[in-house]
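Peer 1: Please see the structure below; I have some questions.
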Amino acid sequence: MSARPETGGSGGDDGDRTPGAVNHEEHEESVPSEEGGERLRRPLPEPVRARVVEYGSDVLGGMRSSDLPPVLRRVAKFEPRRRARLAGPQIAAQLENDHGFRSKVAARVEQVWPELAEGMRAGVVPPAADPVAVAASAYLLRPKGWPEIIEGVHEELERQTSAREVDEAAEALDDVRRRLEETQQGHQAELERLRGQIGEQRTEIAELRRKVHSERQRARRAVAEAERVVSETTDRRHENESQVSALEVENRRLRSRLADAEAQVENARRAVRTGRNADEARLRVLLDVLVDASHGLRRELALPTSLDSPADLVAEAQEEHRRVSLGGLPDDAPGLLEHLLTVPRVHLLLDGYNVTKTGYGTLPLADQRARLLSSLEGLASRTKAEITCVFDGADVEAPPVTPSRRVRVLFSAPGEIADTLIVRLVRAEPPGRPIAVVTSDKEIVSTVRRAGARAVPSTVFLRHLESHS
Numbered sequence: 002m003s004a005r006p007e008t009g010g011s012g013g014d015d016g017d018r019t020p021g022a023v024n025h026e027e028h029e030e031s032v033p034s035e036e037g038g039e040r041l042r043r044p045l046p047e048p049v050r051a052r053v054v055e056y057g058s059d060v061l062g063g064m065r066s067s068d069l070p071p072v073l074r075r076v077a078k079f080e081p082r083r084r085a086r087l088a089g090p091q092i093a094a095q096l097e098n099d100h101g102f103r104s105k106v107a108a109r110v111e112q113v114w115p116e117l118a119e120g121m122r123a124g125v126v127p128p129a130a131d132p133v134a135v136a137a138s139a140y141l142l143r144p145k146g147w148p149e150i151i152e153g154v155h156e157e158l159e160r161q162t163s164a165r166e167v168d169e170a171a172e173a174l175d176d177v178r179r180r181l182e183e184t185q186q187g188h189q190a191e192l193e194r195l196r197g198q199i200g201e202q203r204t205e206i207a208e209l210r211r212k213v214h215s216e217r218q219r220a221r222r223a224v225a226e227a228e229r230v231v232s233e234t235t236d237r238r239h240e241n242e243s244q245v246s247a248l249e250v251e252n253r254r255l256r257s258r259l260a261d262a263e264a265q266v267e268n269a270r271r272a273v274r275t276g277r278n279a280d281e282a283r284l285r286v287l288l289d290v291l292v293d294a295s296h297g298l299r300r301e302l303a304l305p306t307s308l309d310s311p312a313d314l315v316a317e318a319q320e321e322h323r324r325v326s327l328g329g330l331p332d333d334a335p336g337l338l339e340h341l342l343t344v345p346r347v348h349l350l351l352d353g354y355n356v357t358k359t360g361y362g363t364l365p366l367a368d369q370r371a372r373l374l375s376s377l378e379g380l381a382s383r384t385k386a387e388i389t390c391v392f393d394g395a396d397v398e399a400p401p402v403t404p405s406r407r408v409r410v411l412f413s414a415p416g417e418i419a420d421t422l423i424v425r426l427v428r429a430e431p432p433g434r435p436i437a438v439v440t441s442d443k444e445i446v447s448t449v450r451r452a453g454a455r456a457v458p459s460t461v462f463l464r465h466l467e468s469h470s
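For the sequence shown, this note's numbering gives the first residue as 2, with consecutive numbering after it.
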């Protein structure tokens, strides 16, 4: 039980119920009590009822289990505030109907506040005491005239509630007035702002009207000027049409004269060709006789068809032992391939799959071949170089034959790889033939270099194709 009678108790939450608790109406203490012939004329005020329940809950926790009312034994083990919150209706009903339980609670009140209990039994209510505590104590102690004490407290609480409501209403009214004044001031400021905007818009409208009038005058002048130009254009078109007609007549006359001149020229040419054909025929007969005579003499004398000088024989022997140099530029030089393709009679050999897998290896093999051969067609038509592309034949049962007039496509035979076929092609070329092999395979590079061919990396070749695509 609270030791401060001026402190108000917490009101019970009647929506919460303990398991198995009996449902009662919210104000079960309003049942008339005929004890001593005195009873309440109306239910206890809610603050007084909550305080009575709080006192009963405090006493309930300190009672022995044998003295506990059967209805409240289940909630006696709860914490006091929880008892008051969950079993408030049951505690209030027990205090009203169980004189013994109420007496225990009244004895606790009298023990905690002896002066208050003594004054109430003497018919004197301390004026400074909490009205709620006084009403709760009167309800539990039930001195003579206790209903009048509770009724007086009821009226005092109603007066306090009314006064509080009046104060709240006054505060609400003041707040409404304040907000109304603020709204009026805001409306006035907004009105002034709108009036200023209206003035500015009127000024702008007047300026726009002046501009519209000026533009209308300019439009009228432009229309008049356009009509004048249209009239002049019409006159000029008629004049041009007449001039064109005259020119066409003159053109037809000149064409007629040109046709006559061309006919005369053609007749003259025909006459010249006739005379020249006769002279050429006589000259051709004479030449044929001389050629036949020279052939007869060559056969009679057994002369060779051509005569070589000693210097020519030495140069020929020297040429057979060397090839055309394709060096001079490093392998990663940007203009390497352009330089190689300008060499006369160069033969360009490609390691097909090495090039395609370097540039677009994610495509299927058939698509790789098609893409590379398409690029080679353009390169061959642009450079006129001899190009041979070699693929491994192991991935196809019957190597497809791509008809092409510019690019030779070869597939290695079964049991043979493209590297071997490329080396055989290099070695099959005659001495002195310039050869370039496009591959990044180090083994092929070293082999073809020993055979006298120039190796071109696949990346350099692909960059060249991209730059010319």
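Cβ atoms here follow ideal geometry from the backbone N, Cα and C, with glycine treated the same way.
Residues bridged to Ile-151 by DSSP?
Peer 2: In the sequence shown, counting from the first residue as 1, residue 151 sits at position 150. For Ile-151, which the question treats as bridged, DSSP gives no partner whatsoever.
Peer 1: Taking the straight line between their C-alpha atoms, what separation do you get for Asp-368 and Arg-346?
Peer 2: Taking the first residue of the sequence shown as position 1, residue 368 is located at position 367. Taking the first residue of the sequence shown as position 1, residue 346 is located at position 345. So the alpha carbons of these two residues sit roughly 30 Å apart.
Peer 1: Which runs of the beta strand (DSSP E) fall wholly inside the region 341 to 423 and span at least 3 residues, in chain order?
Peer 2: 348 to 352, 387 to 392, 408 to 412
Peer 1: Express the C-alpha separation of Gly-276 and Arg-409 in angstroms, rounding to a whole number.
Peer 2: As a working mapping, residue 409 is identified with position 408 in the sequence shown. As a working mapping, residue 276 is identified with position 275 in the sequence shown. Using only the alpha carbons, I get a separation of about 51 Å.
Peer 1: Beta carbon of Met-121: closer than 6 Å to some heavy atom of the ligand NAP?
Peer 2: The ligand NAP is absent from the structure shown, which contains no ligand whatsoever.
Peer 1: Is the beta carbon of Gln-91 closer than 7 Å to that of Val-72?
Peer 2: Working through the sequence shown from its first residue, we reach residue 72 at position 71. Working through the sequence shown from its first residue, we reach residue 91 at position 90. For Val-72 and Gln-91, yes; Cβs fall inside 7 Å.
Peer 1: Report yes or no: do three or more beta-carbon pairs, one from the region 137 to 148 and one from the region 106 to 122, lie closer than 8 Å?
Peer 2: yes
Peer 1: Determine, using beta carbons only, whether Gly-407 and Glu-430 come nearer to each other than 7 Å.
Peer 2: For the purposes of this step, residue 407 is identified with residue 406 of the sequence shown, where counting begins at 1. For the purposes of this step, residue 430 is identified with residue 429 of the sequence shown, where counting begins at 1. Before going further, note that residue 407 is Arg rather than Gly in the sequence given. No; because the gap between Cβ atoms is not below 7 Å, this pair is not in contact.
Peer 1: Taking DSSP's pairing of strands, which residues face Val-439 in a bridge?
Peer 2: Along the sequence shown, one-based indexing puts residue 439 at 438. BP columns for Val-439 point to Leu-351, Val-457.
Peer 1: According to the neighbour-count rule (16 or more other Cβ atoms, all chains shown, within 10 Å of its Cβ), is Tyr-361 buried or exposed?
Peer 2: Sequence index remark: in the sequence shown, residue 361 carries index 360 (1-based). Burial call: exposed.
Peer 1: List the whole-angstrom C-beta distance separating Val-438 from Ala-456, where the pair is believed to meet the contact cut-off of C-beta under 8 Å.
Peer 2: Counted from its first residue, the sequence shown places residue 438 at position 437. Counted from its first residue, the sequence shown places residue 456 at position 455. With a Cβ gap of about 5 Å, Val-438 and Ala-456 count as contacting.
Peer 1: Just mark His-465 as buried or exposed, buried being the case when its beta carbon has 16 or more other beta carbons within 10 Å.
Peer 2: Sequence index remark: in the sequence shown, residue 465 carries index 464 (1-based). Buried, since its Cβ has 16 or more Cβ neighbours within 10 Å.
Peer 1: Specify, as a first and last residue, the run of the alpha helix (DSSP H) that Pro-90 falls within.
Peer 2: In the sequence shown, the residue the question calls residue 90 occupies position 89. First-last of the alpha helix (DSSP H) with Pro-90: 89 to 98.
Peer 1: Relative to the C-alpha of Lys-78, which residue among Ala-93, Arg-179, Gln-95, Val-60 is closest?
Peer 2: Reading the sequence shown from its first residue, position 77 is the one you call residue 78. Considering only Ala-93, Arg-179, Gln-95, Val-60, the residue with the shortest C-alpha distance to Lys-78 is Val-60.
Peer 1: Within 8 Å, do at least three Cβ pairs link the region 419 to 428 to the region 347 to 359?
Peer 2: yes
Peer 1: Relative to the alpha-carbon of Arg-103, which residue among Met-121, Arg-82, Leu-69 has its alpha-carbon at the smallest distance?
Peer 2: Position 102 of the sequence shown, counted from the first residue, corresponds to residue 103. For the residues Met-121, Arg-82, Leu-69, the minimum Cα distance to Arg-103 belongs to Leu-69.
Peer 1: Are the region 153 to 160 and the region 173 to 186 touching by the rule of at least three beta carbon pairs closer than 8 Å?
Peer 2: Taking 8 Å as the limit for Cβ pairs, the verdict is that the region 173 to 186 does not touch the region 153 to 160.
Peer 1: May I have the straight-line CA-CA distance separating Glu-444 from Leu-302, to the nearest angstrom?
Peer 2: Residue mapping note: residue 444 aligns to position 443 of the sequence shown, counting from 1. Residue mapping note: residue 302 aligns to position 301 of the sequence shown, counting from 1. Those two C-alpha atoms are separated by around 57 Å.
Peer 1: Ignoring anything shorter than 3 residues or poking outside the region 215 to 289, list the beta strand (DSSP E) runs there in chain order.
Peer 2: Whole beta strand (DSSP E) segments, 3+ residues: zero.
Peer 1: In whole angstroms, give me the CA-to-CA distance for Pro-81 and Val-125.
Peer 2: Taking the sequence shown and counting its residues from 1, the one referred to as residue 81 is at position 80. Taking the sequence shown and counting its residues from 1, the one referred to as residue 125 is at position 124. Rounded to the nearest angstrom, the two C-alpha atoms are 31 Å apart.
Peer 1: Which same chain residues, not among the five before or five after Gly-187, have their C-beta less than 8 Å away from its C-beta?
Peer 2: Sequence index remark: in the sequence shown, residue 187 carries index 186 (1-based). Result list for Gly-187: empty, nothing under 8 Å.
Peer 1: Quick one: what does DSSP say Ser-58 is sitting in, helix, strand or coil?
Peer 2: Here residue 58 is taken as the residue at index 57 of the sequence shown, counted from 1. The answer is helix: DSSP assigns Ser-58 an H, G or I state.
Peer 1: With DSSP collapsed to three states, give me the class of Met-121.
Peer 2: One-based indexing of the sequence shown puts residue 121 at position 120. In the structure shown, Met-121 falls within a helical segment according to DSSP collapsed to helix, strand and coil.
Peer 1: Let me know the secondary structure DSSP gives Glu-430 once reduced to three states.
Peer 2: Numbered from its first residue, the sequence shown carries residue 430 at position 429. If DSSP states are grouped into helix, strand and coil, Glu-430 belongs with coil.
Peer 1: When burial is assigned at 16 or more other CB atoms within 10 Å of the CB, is Gln-95 buried or exposed?
Peer 2: Residue mapping note: residue 95 aligns to position 94 of the sequence shown, counting from 1. Under this definition Gln-95 is a buried residue.
Peer 1: Pro-33 to Pro-132, Cα distance in whole Å?
Peer 2: Here residue 33 refers to the residue found at position 32 when the sequence shown is read from its first residue. Here residue 132 refers to the residue found at position 131 when the sequence shown is read from its first residue. With a pLDDT of only 43 at Pro-33, under 50, the local geometry of the prediction cannot be trusted, and the value read off the model is given with reservation. The straight-line gap from Cα to Cα measures roughly 22 Å.
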